[in-house]
Amino acid sequence: MANEQFGKFGVWQPHSLVTPEAVRELEELGYGAVWLGTSPPADWDGYDALFADSQSIIIGTSIVNVWATPAKASADLFHRLESKYPGRFLLGIGAGHREFNDGYTKPYDALVTYLDELDEAGVPKSGRALAALGPKVAKLARDRTAGALPYLTTPAHTADLRALFGPDTLLAPEQKVVLEEDPQHARTIARERAAYYLNLANYVNNLRRYGFDEQDLTYPGSDRVIDAIALHGTPDQIADALTAHLTAGADHVAIQILGGDYVGALRTLAPYLAARTS
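Following the numbering used here, the numbering of the sequence shown begins with 871 at its first residue and continues without gaps.
So, in C-alpha cells, the structure goes:
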C-alpha cells in the first residue's frame, strides 16, 4: 500500500460513531482514509458495511490493543478484509495504556512479540502500522511496519519522526479540531475530551519532550497545551494549522472533530483542505 493512497487528509473517530453513510460522504468529499478509534475489536461486526458502501477510501484501525486482541484474531481480520477489499485495510496496532490494561509490563516486548506473530500469520509489513510516540517504538514502526500512527501530538513531533524515518515510512498523525472561532468556547469543548489524556503517562511524557511543563500538563491542562492538541479557529485558520503537519513531514493527517456533527464539520473544512493540496 503506497503512502499516496491515503491522501493528505483523513478522519479519526471512535468506531462506534462511524457509519456506512458517513464513510461514503467522506470519500466523496475527498478524504482518503477513515481511522476507527477506541480499539475496535477484531470481531467487530461493522467492518464490512463500511467497505461495501464505499469505493476506494482506506479504512484503518487506530488502534487494535495488543493486550486485548490476540495476534491471530488480528491476522484473521486482516486476511479476511484484504481478500474482499484488496489494498483498502490497514491494521493499526498499539500497546494501549498502563492505566487501563492489566499485566501492562514491557510494552515494547509485547509489541515485538505481536509483530512476530503477525509475521508468522502472513500479515505483510505494508499492511500494518504502530501507534508510536517515543523513539524506541517509532524505530520499531519504521523497521517492522508500514509506519506510525501518532496520537495527541504536534508538528514538532511530526518533524522529529520524519527525521528518524527517512522519506519512505508512512507517518499519519492524528490531530483534534474544534470548528469554533471563540477561543473560550472552543477550549471548553476541547477539554471535554482532550484533558482526559493528561491522566495518561505516555501522552504526558511525550508532550513534556516538546516544551510543555507541569503547569501545562496538570489536569485539565493549560490553554497553551489545549490549543496545541485541539486546534480551533476559522476553517481557513484550521486548514493552515493542519497543513503544518504536512510541512513537518507527515504523509497524511487524521482529523478528529470534537464537539458534535463531525461529518458536517468535515464538510465545511473540505474545500479549504483541498485548496492547500491541489
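Cβ atoms here follow ideal geometry from the backbone N, Cα and C, with glycine treated the same way.
**Asked** DSSP beta-bridge partners for phenylalanine 959?
**Response** Position 89 of the sequence shown, counting from 1, holds the residue named residue 959. Phenylalanine 959 is bridged to Ile929.
**Message:** So isoleucine 927 and valine 893 are supposed to be a Cβ contact under 8 Å. How far apart are they, rounded?
**Reply:** Position 57 of the sequence shown, counted from the first residue, corresponds to residue 927. Position 23 of the sequence shown, counted from the first residue, corresponds to residue 893. Between valine 893 and isoleucine 927 the Cβ distance is about 6 Å, and since that is below 8 Å, they are a contact.
**Item:** Alpha-carbon to alpha-carbon, tryptophan 882 and leucine 1139
**Value:** Taking the sequence shown and counting its residues from 1, one reaches residue 1139 at position 269. Taking the sequence shown and counting its residues from 1, one reaches residue 882 at position 12. Straight-line Cα distance between these residues: approximately 14 Å.
**Item:** Which listed residue (Ile1059, Asp1086, Val1095) has its alpha carbon closest to that of aspartate 1131
**Value:** Looking up residue 1131 in the sequence shown gives position 261. Of Ile1059, Asp1086, Val1095, the residue nearest in Cα terms is Ile1059.
**Asked** Does the beta-carbon distance from tyrosine 1066 to tyrosine 1073 come in below 7 Å?
**Response** The residue given as residue 1066 occupies position 196 in the sequence shown. The residue given as residue 1073 occupies position 203 in the sequence shown. The answer is no: Cβ separation not under 7 Å.
**Asked** From Leu960, Tyr984, Ala1109, pick the residue whose C-alpha is nearest to that of lysine 942; which is it?
**Response** Along the sequence shown, read from residue 1 onward, the residue named residue 942 stands at position 72. Answer by Cα proximity: Tyr984.
**Request:** Figure out for me which residue from Asp1030, Ile1125, Glu1051, Arg1137 has the closest Cα to the Cα of glutamine 1107.
**Result:** As a first step, residue 1107 must be located in the sequence shown, where it is residue number 237. When only C-alpha atoms are compared, the closest one is Glu1051.
**Chain-order list of residues whose beta-carbon lies under 7 Å from that of aspartate 1121 (same chain, five-residue window excluded)** = Translated into positions along the sequence shown, residue 1121 becomes position 251. Hits under 7 Å: Asn873, Phe876, Leu1040, Leu1041, Ala1042.
**Item:** Bounding residues of the beta strand (DSSP E) (the contiguous stretch that carries histidine 864)
**Value:** Residue 864 is absent from the structure shown; the chain starts at 871 and stops at 1148.
**Rounded separation between valine 1123 and leucine 1112 - CA only** = The residue given as residue 1123 occupies position 253 in the sequence shown. The residue given as residue 1112 occupies position 242 in the sequence shown. Each residue's CA atom was taken as its position, placing valine 1123 and leucine 1112 some 7 Å apart.
**Request:** For leucine 1010, collect the residues of the same chain with a Cβ closer than 8 Å to its Cβ; drop the 5 residues on either side in sequence, then sort them by chain order.
**Result:** Along the sequence shown, read from residue 1 onward, the residue named residue 1010 stands at position 140. Excluding positions up to five away in sequence, the list reads Tyr978, Leu981, Val982, Leu985, Leu1000, Ala1002.
**Prompt:** Can the beta-carbon of glutamine 1126 be found less than 7 Å from the beta-carbon of glutamate 1044?
**Reply:** The count along the sequence shown starts at 1 and reaches residue 1126 at position 256. The count along the sequence shown starts at 1 and reaches residue 1044 at position 174. Against a cut-off of 7 Å, the Cβ pair of glutamate 1044 and glutamine 1126 comes out as a contact.
**Prompt:** What span of residues does the alpha helix (DSSP H) with valine 982 cover, start to end?
**Reply:** In the sequence shown, residue 982 corresponds to position 112, counting from 1. Run containing valine 982: 977-990, per the alpha helix (DSSP H) assignment.
**Where the alpha helix (DSSP H) through valine 1133 begins and ends** = Numbered from its first residue, the sequence shown carries residue 1133 at position 263. Taken as a continuous stretch (DSSP letters only), the alpha helix (DSSP H) holding valine 1133 covers 1132-1147.
**Asked** Within this structure, are the beta carbons of valine 1048 and glycine 1129 separated by less than 7 Å?
**Response** Start at 1 with the first residue of the sequence shown, and residue 1048 comes out as number 178. Start at 1 with the first residue of the sequence shown, and residue 1129 comes out as number 259. Yes, they are a contact pair.
**Asked** Where does lysine 942 fall in DSSP's three states?
**Response** For this step, residue 942 is matched to residue 72 along the sequence shown. The answer is helix: DSSP assigns lysine 942 an H, G or I state.
**Asked** Exposed or buried, what is glycine 1081 when buried is set at 16 or more other beta-carbons lying within 10 Å of its beta-carbon?
**Response** Translated into positions along the sequence shown, residue 1081 becomes position 211. Looking at its Cβ environment, which holds fewer than 16 other Cβ atoms inside 10 Å, glycine 1081 is exposed.
**Item:** Which of helix, strand or coil DSSP assigns to glycine 966
**Value:** Walking along the sequence shown from the start, residue 966 turns up at place 96. Glycine 966 falls in the coil class under three-state DSSP.
**Asked** Can you give the Cα-Cα distance for isoleucine 963 and proline 910, rounded to whole angstroms?
**Response** For the purposes of this step, residue 963 is taken as the residue at position 93 of the sequence shown. For the purposes of this step, residue 910 is taken as the residue at position 40 of the sequence shown. Approximately 10 Å between the Cα atoms of the pair.
**Message:** In whole angstroms, give me the CA-to-CA distance for proline 1105 and proline 1037.
**Reply:** To locate residue 1105, count along the sequence shown from 1; it is residue 235. To locate residue 1037, count along the sequence shown from 1; it is residue 167. Whole-angstrom Cα-Cα distance: 30 Å.
**Request:** Round the Cβ separation of histidine 1102 and proline 1025 to the nearest angstrom and send it over; I've been treating them as touching at under 8 Å.
**Result:** Taking the first residue of the sequence shown as position 1, residue 1102 is located at position 232. Taking the first residue of the sequence shown as position 1, residue 1025 is located at position 155. The Cβ separation is near 16 Å, so there is no contact.
**Message:** By alpha-carbon positions, which one of Asp915, Asp918, Thr908 ends up nearest to alanine 965?
**Reply:** Within the sequence shown, the letter at position 95 stands for residue 965. Residue Thr908 is the option with its Cα nearest to alanine 965.
**Message:** Using a 10 Å radius around the Cβ and a threshold of 16 neighbouring Cβ atoms, would you call tyrosine 917 buried or exposed?
**Reply:** Numbered from 1 along the sequence shown, position 47 holds the residue referred to as residue 917. The residue is buried, with at least 16 neighbouring Cβ atoms inside 10 Å.
**Asked** Taking the runs of the alpha helix (DSSP H) that are 4 residues or longer, which of them lie wholly in the region 1025-1099?
**Response** Runs found: 1025-1035, 1053-1064, 1071-1079, 1084-1087, 1093-1099.
**Member of Lys1006, Asn1076, Leu988 whose CA lies at the smallest distance from the CA of lysine 976** = By 1-based counting over the sequence shown, the position of residue 976 is 106. Ranking the options by Cα distance to lysine 976, first place goes to Lys1006.
**Prompt:** Quick one: Cα of histidine 885 to Cα of leucine 1034, how far?
**Reply:** In the sequence shown, the residue the question calls residue 885 occupies position 15. In the sequence shown, the residue the question calls residue 1034 occupies position 164. When rounded, the distance between both Cα atoms is 30 Å.
**Prompt:** Where do the N-terminal and C-terminal ends of the alpha helix (DSSP H) with glutamine 1107 fall, by residue?
**Reply:** Here residue 1107 is taken as the residue at index 237 of the sequence shown, counted from 1. First-last of the alpha helix (DSSP H) with glutamine 1107: 1105-1118.
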